[in-house]
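Okay, so the sequence shown: first residue is 33 according to the numbering used here, each after it adds one.
Okay, so here's the structure we're looking at.
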Amino acid sequence: MRESRRLRGNLTVAAAASALIFGSIAVAAVPAHATSASGLVSGYVGVTQTINVTDFCPGGNVELTATVNGNVITSNPASSDSNGNATILWAPPSVGSVTNAAVQSSLVGSACGNIPLPNVAISQVPTNSVVTAPNSVTVGVPTQITVTVQSQSRSVYAPTGSVIVKDVNGATLQTLGLTPNAGGGSSYAYWRWTAPTSGSFTFQAVYSGDTNALTSTSPQDIVFATTSGVPIALSLPPTMTVGVPTTLKANVYPANVQGSVGFTLNGTPISASVPIVNGVATFQWTPTVAGNVTIGANYTTNQGGTGSTTNQVTITAGPVSTDVITLTQPGFGTWAPNGTYTVSNGTTINFTATTLSGAAVTLSETGPCQVSGLTLVVDASNATCNVTASSPGGNGYAPVKYGYTVTTGLGQQTAILAAPQSGRVNVGKVLTMETPQQGDTNAGQNIVWRITKGKNKICKLGFPSSGAVTLKIIKRGQCSVRGDAPGVANVWAPYVVVRTYQGK
Numbered sequence: 033m034r035e036s037r038r039l040r041g042n043l044t045v046a047a048a049a050s051a052l053i054f055g056s057i058a059v060a061a062v063p064a065h066a067t068s069a070s071g072l073v074s075g076y077v078g079v080t081q082t083i084n085v086t087d088f089c090p091g092g093n094v095e096l097t098a099t100v101n102g103n104v105i106t107s108n109p110a111s112s113d114s115n116g117n118a119t120i121l122w123a124p125p126s127v128g129s130v131t132n133a134a135v136q137s138s139l140v141g142s143a144c145g146n147i148p149l150p151n152v153a154i155s156q157v158p159t160n161s162v163v164t165a166p167n168s169v170t171v172g173v174p175t176q177i178t179v180t181v182q183s184q185s186r187s188v189y190a191p192t193g194s195v196i197v198k199d200v201n202g203a204t205l206q207t208l209g210l211t212p213n214a215g216g217g218s219s220y221a222y223w224r225w226t227a228p229t230s231g232s233f234t235f236q237a238v239y240s241g242d243t244n245a246l247t248s249t250s251p252q253d254i255v256f257a258t259t260s261g262v263p264i265a266l267s268l269p270p271t272m273t274v275g276v277p278t279t280l281k282a283n284v285y286p287a288n289v290q291g292s293v294g295f296t297l298n299g300t301p302i303s304a305s306v307p308i309v310n311g312v313a314t315f316q317w318t319p320t321v322a323g324n325v326t327i328g329a330n331y332t333t334n335q336g337g338t339g340s341t342t343n344q345v346t347i348t349a350g351p352v353s354t355d356v357i358t359l360t361q362p363g364f365g366t367w368a369p370n371g372t373y374t375v376s377n378g379t380t381i382n383f384t385a386t387t388l389s390g391a392a393v394t395l396s397e398t399g400p401c402q403v404s405g406l407t408l409v410v411d412a413s414n415a416t417c418n419v420t421a422s423s424p425g426g427n428g429y430a431p432v433k434y435g436y437t438v439t440t441g442l443g444q445q446t447a448i449l450a451a452p453q454s455g456r457v458n459v460g461k462v463l464t465m466e467t468p469q470q471g472d473t474n475a476g477q478n479i480v481w482r483i484t485k486g487k488n489k490i491c492k493l494g495f496p497s498s499g500a501v502t503l504k505i506i507k508r509g510q511c512s513v514r515g516d517a518p519g520v521a522n523v524w525a526p527y528v529v530v531r532t533y534q535g536k
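And the structure:
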């Protein structure tokens, strides 16, 4: 009888275990030892979730089982210790809603079962994009530009899709497909880019995102390209001439760097320290010896940075050709060297100038006139100004200076008037000769009107209280009217304006 009861008890336990395996026992009937499981929360793709299980199947394997967007997934099994505690680590593989989530044990017995977990949502993981390139590159030499797209929040998801690399103006330079990095959590793409000229180039990457990762835009990365591959480049004529000044120019990148540059000839200094202004240092130098030489430039920044570069140039012995200046006054023509020109007081001339050497022309002046750049301002009368045009030469041409003599005459007064041009006018017509706001010349002299032919017979002047001056045609015939303004001694010539009208 005892053996029968013992057998019935064993069969009961076996039946219960079978029910656990085939899921016929409801979650509500969780055994007493399966006390708790917690930690599954809403999160991002690839970010590890930590699920803690307490007093659940001592010594057994536990794992997360859940449905994500209709697909059943499981985590890697974790072993519970002798006290029944276990930690499950699970990284959601994709975006979606996690439902039917529960902790399940591989052991079957009265102390084992499933512990349900809350349903949660898994979102796209934020990303961070970065462009990586050398600070300085050599013109004409291929350089690798690399883009890395990194998942954030410690996600192990490797972003897929493509990145677009743009320049400083937003124009697309390249579209690149991403490759996962070993170890997960990031992907990369690269291409070989060649700088076409010296200067600065800007790159920015835009990641388009995918179903599991959000879009991101990298910070701009600036690359400086020089012929030497270091952040300094020389700008020199390939050929120089003994005795002809030439300008040595060094560009230092970036343009806001502060410091100085020293120029060398075959390694020997030929200049003092030249300040860097807006990324450029210039020095005028006159070769003294012909031959193939090496011109160098060494820079030092205020922060202690240094660098250098060299260029090979040829210095020829000559003979030296003298530069030629062409100084042109628009509307008049070219001024001849050593020529004398009379210019009215108050005149401003904006010259244009060219040279055979290609060098810029500068103007200087002694006397009462003024120069600024290529502009000459005559602001005196009965005086003499001596104007000099200078070229520093270069490119095989020697420097040159041309002189011009400017005599200043009386200025010619001008005025803005309403008086119609001479012509036929209907009888009875009233013409406005000057409005109340007119009547003075550019020298501030008042204009006085008088009729010189047909006065009070053909035409008549009117002086309304408004301050205007009018002329009425009262009869057929010819009417002549004249306006005069006095001159200013030694400065302005008198002003005269004449109109003739034919009454009809």
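Even glycine gets a Cβ: it sits at the ideal position worked out from N, Cα and C.
The segment 414-433 touching the segment 488-503, judged by at least three CB pairs closer than 8 Å:
Touching, no.
Bridge partner(s) assigned by DSSP for GLN236
Your numbering for residue 236 matches position 204 in the sequence shown. LYS198.
Distance check for THR175 and GLN361, CA to CA, integer angstroms please.
Within the sequence shown, numbered from 1, the residue matching residue 361 stands at position 329. Within the sequence shown, numbered from 1, the residue matching residue 175 stands at position 143. It is roughly 51 Å from the alpha-carbon of GLN361 to the alpha-carbon of THR175.
Kindly identify the DSSP beta-bridge partner or partners of ARG514.
Locating residue 514 in the sequence shown gives position 482, where the first residue counts as 1. Beta-bridge pairing links ARG514 to ARG482 and VAL530.
Counterpart residues of ARG456 in DSSP-defined beta bridges
Taking the sequence shown and counting its residues from 1, the one referred to as residue 456 is at position 424. Answer is GLN534.
Among SER230, THR259, SER218 and ALA257, nearest to TYR239 - alpha-carbon criterion:
Counting from 1 along the sequence shown, the entry for residue 239 is found at position 207. Answer by Cα proximity: SER218.
Alpha-carbon to alpha-carbon, VAL181 and GLN236:
Locating residue 236 in the sequence shown gives position 204, counting from the first residue. Locating residue 181 in the sequence shown gives position 149, counting from the first residue. Put simply, the backbone Cα of GLN236 is about 12 Å away from that of VAL181.
Alpha-carbon to alpha-carbon, LEU280 and TYR373:
Counting from 1 along the sequence shown, the entry for residue 373 is found at position 341. Counting from 1 along the sequence shown, the entry for residue 280 is found at position 248. Whole-angstrom Cα-Cα distance: 37 Å.
For LEU408 and VAL352, the rounded distance between their alpha carbons:
Counting from one through the sequence shown, the residue named residue 352 turns up at place 320. Counting from one through the sequence shown, the residue named residue 408 turns up at place 376. CA-to-CA, the gap between VAL352 and LEU408 works out to about 31 Å.
Looking at the secondary structure, which residues open and close the beta strand (DSSP E) in which ASN324 lies?
Start at 1 with the first residue of the sequence shown, and residue 324 comes out as number 292. For ASN324, the enclosing beta strand (DSSP E) starts and ends at 323-333.
Could you tell me the alpha carbon to alpha carbon distance between GLY371 and VAL356, rounded to whole angstroms?
Walking along the sequence shown from the start, residue 371 turns up at place 339. Walking along the sequence shown from the start, residue 356 turns up at place 324. Between GLY371 and VAL356, the C-alpha separation is close to 15 Å.
Nearest by alpha-carbon distance to ILE483: which of THR398, PRO468 and CYS491 is it?
Residue numbering aside, residue 483 sits at position 451 when the sequence shown is read from its first letter. The option with the nearest alpha carbon to ILE483 is CYS491.
Quick one: is LEU121 buried, meaning 16 or more other Cβ sit within 10 Å of its Cβ, or exposed?
Here residue 121 is taken as the residue at index 89 of the sequence shown, counted from 1. Exposed, by the Cβ-count rule.
Other residues of its chain near ALA415: CB distance less than 6 Å, five sequence neighbours each side excluded
By one-based count along the sequence shown, residue 415 stands at place 383. Excluding five sequence positions before and after ALA415, the CB atoms of its chain that fall closer than 6 Å to its own CB belong to PRO400 and THR440, given in chain order.
Provide the residue span of the beta strand (DSSP E) that contains PRO541, from first to last.
Here the chain comprises residues numbered 33 to 536, so residue 541 is not present and cannot be evaluated.
Taking only three categories from DSSP, how would you classify VAL162?
What you label residue 162 is simply residue 130 of the sequence shown in a count that begins at 1. DSSP, read as helix, strand or coil, puts VAL162 in strand.
Spatial neighbours of VAL289 within its chain, please: CB distance less than 7 Å, with the 5 preceding and 5 following residues excluded, ordered by chain position.
Translated into positions along the sequence shown, residue 289 becomes position 257. Excluding five sequence positions before and after VAL289, the CB atoms of its chain that fall closer than 7 Å to its own CB belong to ILE308, GLY311 and THR333, given in chain order.
Alpha carbon of GLN206 to alpha carbon of LEU246, nearest angstrom
The residue you call residue 206 lines up with position 174 of the sequence shown. The residue you call residue 246 lines up with position 214 of the sequence shown. The alpha-carbon atoms of GLN206 and LEU246 are separated by roughly 20 Å.
ASP87 - DSSP class collapsed to helix/strand/coil:
Within the sequence shown, residue 87 is the residue found at index 55, counting from 1. DSSP places ASP87 in coil when its eight states are reduced to three.
Looking at the secondary structure, which residues open and close the beta strand (DSSP E) in which ASP253 lies?
Position 221 of the sequence shown, counted from the first residue, corresponds to residue 253. Counting along the chain, the unbroken beta strand (DSSP E) around ASP253 starts and ends at 253-258.
Look at ALA540 and GLY328 and say whether their C-beta atoms are less than 9 Å apart.
Nothing can be reported for residue 540: it is not among the residues displayed for the chain, which extend from 33 to 536.
Exposure label - VAL480; buried when at least 16 CB within 10 Å
Numbered from 1 along the sequence shown, position 448 holds the residue referred to as residue 480. The residue in question, VAL480, is exposed, as its Cβ has fewer than 16 Cβ neighbours within 10 Å.
Please classify LYS433: is it buried, with 16 or more other beta-carbons within 10 angstroms of its beta-carbon, or exposed?
For the purposes of this step, residue 433 is taken as residue 401 along the sequence shown, with counting starting at 1. Burial is judged here by how many other beta carbons sit within 10 angstroms of a residue's own beta carbon; LYS433 has fewer than 16 and is exposed.
Could you tell me how far apart the beta carbons of SER389 and GLY425 are, in whole angstroms, since I believe they sit closer than 8 Å?
As a position in the sequence shown, residue 389 is number 357, starting the count at 1. As a position in the sequence shown, residue 425 is number 393, starting the count at 1. By a beta-carbon distance limit of 8 Å, SER389 contacts GLY425. Their separation comes to about 5 Å.
Using the beta-carbon count (16 or more within 10 Å), is ASN283 buried or exposed?
If you number the sequence shown from 1, residue 283 lands on position 251. The Cβ neighbour count for ASN283, taken over all protein chains shown within 10 Å, is at least 16; the residue is labelled buried.
Coarse secondary structure for GLN469, derived from DSSP in three states:
Taking the first residue of the sequence shown as 1, we reach residue 469 at position 437. Residue state, collapsed to three classes: coil.
Taking all protein chains shown into account, do 16 or more other C-beta atoms lie within 10 angstroms of the C-beta of ASN146, making it buried, or fewer, making it exposed?
As a working mapping, residue 146 is identified with position 114 in the sequence shown. With 16 or more Cβ atoms within 10 Å of its Cβ, ASN146 is classed as buried.
How would you write the range of the beta strand (DSSP E) that VAL169 sits in, first residue to last?
By 1-based counting over the sequence shown, the position of residue 169 is 137. Boundaries of the beta strand (DSSP E) around VAL169: 168-170.
Residues of its chain near VAL523, where Cβ-Cβ distance is below 7 Å and the 5 sequence neighbours each way are ignored
Working through the sequence shown from its first residue, we reach residue 523 at position 491. Sequence-distant partners of VAL523 (beyond 5 residues in either direction) whose C-beta falls short of 7 Å from its own C-beta, in its chain, are ASN377, SER413, LEU442 and GLY443.
Under the three-state DSSP convention, the category LEU246 falls into
Walking along the sequence shown from the start, residue 246 turns up at place 214. Assigned with DSSP and collapsed to three states, LEU246 falls in coil, not helix or strand.
Environment of ARG456 [buried if 16+ CB atoms lie within 10 Å]:
Mapped onto the sequence shown, residue 456 falls at position 424. Counting Cβ neighbours within 10 Å, ARG456 comes out exposed, since fewer than 16 surround it.
Sequence ranges, beta strand (DSSP E) only - wholly within the segment 348-433, length at least 3
Counting only runs of 3 or more, we get 357-361, 365-367, 372-376, 380-382, 384-387, 394-398, 402-404, 407-409 and 415-423.
Per-residue burial, LYS198 [other beta carbons within 10 Å of its own, 16 or more giving buried]:
The residue given as residue 198 occupies position 166 in the sequence shown. LYS198 counts as buried, since no fewer than 16 other beta carbons sit within 10 angstroms of its beta carbon.
Anyone know if the C-beta pair for SER155 and GLU95 falls short of 9 Å?
What you label residue 155 is simply residue 123 of the sequence shown in a count that begins at 1. What you label residue 95 is simply residue 63 of the sequence shown in a count that begins at 1. In this structure, GLU95 does not lie closer than 9 Å to SER155 by Cβ.
DSSP three-state call for TYR4: helix, strand or coil?
Only positions 33 to 536 of the chain appear in the structure, and residue 4 is not among them; the question remains open.
Among TYR533, VAL306 and ILE177, nearest to VAL195 - alpha-carbon criterion:
Taking the sequence shown and counting its residues from 1, the one referred to as residue 195 is at position 163. Nearest C-alpha to VAL195: ILE177.
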